[in-house]
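Remarks on the structure that follows.
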Amino acid sequence: MGLFIDIHCHLDHLHFNNDRDAVMERAKQAGIKAVLSNGINPETNRSTLELAKKYSLVKAALGIYPIHALQKDIDTGAYPLQPNVFDVDEEIQFIEKNRGAIAAVGECGLDGLDKEHLPEQKAVFDKMISLAKRVGKPLIVHSRRAEQEVLDMLGSSSIKKVLLHCFSGKKNAVKRGIDAGYCFSIPTNIVRAQNFQWMAEHVPLGQLFCETDAPYLSPFRETMDGRNEPAFVVESYKKIAGIKKMELVEVMNHVWMNWQKVFV
Numbered sequence: 042m043g044l045f046i047d048i049h050c051h052l053d054h055l056h057f058n059n060d061r062d063a064v065m066e067r068a069k070q071a072g073i074k075a076v077l078s079n080g081i082n083p084e085t086n087r088s089t090l091e092l093a094k095k096y097s098l099v100k101a102a103l104g105i106y107p108i109h110a111l112q113k114d115i116d117t118g119a120y121p122l123q124p125n126v127f128d129v130d131e132e133i134q135f136i137e138k139n140r141g142a143i144a145a146v147g148e149c150g151l152d153g154l155d156k157e158h159l160p161e162q163k164a165v166f167d168k169m170i171s172l173a174k175r176v177g178k179p180l181i182v183h184s185r186r187a188e189q190e191v192l193d194m195l196g197s198s199s200i201k202k203v204l205l206h207c208f209s210g211k212k213n214a215v216k217r218g219i220d221a222g223y224c225f226s227i228p229t230n231i232v233r234a235q236n237f238q239w240m241a242e243h244v245p246l247g248q249l250f251c252e253t254d255a256p257y258l259s260p261f262r263e264t265m266d267g268r269n270e271p272a273f274v275v276e277s278y279k280k281i282a283g284i285k286k287m288e289l290v291e292v293m294n295h296v297w298m299n300w301q302k303v304f305v
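If you want the working numbering, it's the 1-based position in the sequence shown plus 41.
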């Protein structure tokens with residue numbers, strides 16, 4: 042029986058609107074036991090809750106993405122964003138009210154593509170850390186180009202259950218995260234990304250998870266216009282097994298135990 046987990050994806054994304062049922066069926070056939078779909082703003086938080094009700098495999102994580110938290114048009118070059126305006130404190134109250142329906146708080150954190158607004162991002166991230174502590178849920182953290190700042194804030198907060206999603210920090214930052222006891226999720230583009238291959242080698246298996254970040258970061262660029270999906274998370278497991286010179290089933294079982302320890 043498969044016990045694979047996709048610890049981070051965005052199943053509510055419009056790229057799944059035409060075949061979401063088929064996507065979930067392929068996940069089942071691939072041996073996926075749980076899919077943690079992450080909200081990033083009020084709209085996606087609500088759609089993520091609905092998906093968790095509809096599909097038995099789906100678990101919900103509700104959050105506020107760093108750039109969305111600013112509630113202003115941001116042009117970071119490659120990532121122009123025009124978030125809808127919403128009240129951050131009201132959304133935090135909504136997440137807290139739904140604490141019984143979620144497995145984690147996130148996606149949240151800091152995004153260094155927008156250094157200009159890091160102080161405002163930090164203010165919201167601090168609120169999300171406090172929220173996760175209040176509701177007793179793990180925190181799923183986005184840290185692109187702001188890894189050291191994220192680690193500083195997490196360290197100051199004393200929060201324990203942390204998943205560093207798609208962490209791209211330098212080796213010393215990875216070591217900081219390991220020493221703090223945080224978990225790392227390895228995305229499916231590990232098949233070609235050397236930094237994630239290095240992480241898979243050096244992060245203890247007891248602190249590892251696998252993710253797709255679907256519909257992004259597909260291991261199969263040539264299929265479905267590069268769209269990723271939860272079934273493909275097995276590719277991360279396979280690559281980690283090869284790097285650590287272990288059997289695939291051993292890696293699967295270890296990650297399943299991590300899931301039970303951190304999220305269940």
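All C-beta atoms, glycine included, are put in the ideal place defined by N, C-alpha and C. Note that the structure is a prediction, hence the values are computed from the model and not measured.
For residue i, the first and last residue of its enclosing alpha helix (DSSP H)
i: residue 252; result: Not the alpha helix (DSSP H): residue 252 falls in the beta strand (DSSP E), residues 249-252.
i: residue 45; result: No alpha helix (DSSP H) holds residue 45; the beta strand (DSSP E) holding it covers 45-50.
i: residue 283; result: 275-284
i: residue 166; result: 159-176
i: residue 190; result: 188-198
Local conformation of residue i per DSSP, three classes
i: residue 79; result: strand
i: residue 256; result: coil
i: residue 305; result: coil
i: residue 291; result: helix
i: residue 105; result: coil
i: residue 131; result: helix
i: residue 8; result: Since the first residue of the chain shown is 42 and the last is 305, residue 8 is not available in this structure.
i: residue 72; result: coil
i: residue 126; result: coil
i: residue 144; result: coil
i: residue 119; result: Annotation note: pLDDT 43 at residue 119 (below 50); position unreliable, no value reported.
Alpha-carbon to alpha-carbon, residue j and residue i
i: residue 77; j: residue 273; result: 14 Å
i: residue 304; j: residue 183; result: 18 Å
i: residue 192; j: residue 248; result: 16 Å
i: residue 97; j: residue 271; result: 14 Å
i: residue 53; j: residue 47; result: 14 Å
i: residue 119; j: residue 154; result: No answer about residue 119 holds up, because its pLDDT of 43 lies below 50 and its placement is not dependable.
i: residue 203; j: residue 181; result: 6 Å
Residue burial classification, residue i (beta-carbon count within 10 angstroms, cutoff 16)
i: residue 298; result: exposed
i: residue 63; result: exposed
i: residue 55; result: exposed
i: residue 65; result: buried
i: residue 230; result: buried
i: residue 147; result: buried
i: residue 199; result: exposed
i: residue 162; result: buried
i: residue 164; result: exposed
i: residue 177; result: exposed
i: residue 128; result: exposed
Residue range of the unbroken beta strand (DSSP E) whose run includes residue i
i: residue 237; result: That residue, residue 237, is in no beta strand (DSSP E); its alpha helix (DSSP H) goes 235-243.
i: residue 226; result: 224-228
i: residue 215; result: Residue 215 -> not in any beta strand (DSSP E); alpha helix (DSSP H) instead, spanning 212-221.
i: residue 205; result: 203-206
i: residue 232; result: Run containing residue 232: none; DSSP gives neither H nor E here.
i: residue 153; result: Neither: residue 153 is in no beta strand (DSSP E) and is coded neither H nor E.
Residue i CB to nearest heavy atom of the ligand SAM below 7 Å
i: residue 65; result: This structure simply doesn't include the ligand SAM, nor any ligand for that matter.
Test: residue i CB closer than 8 Å to a CB of chain B
i: residue 84; result: Given the protein chain composition of this structure (a single chain), no chain B is represented.
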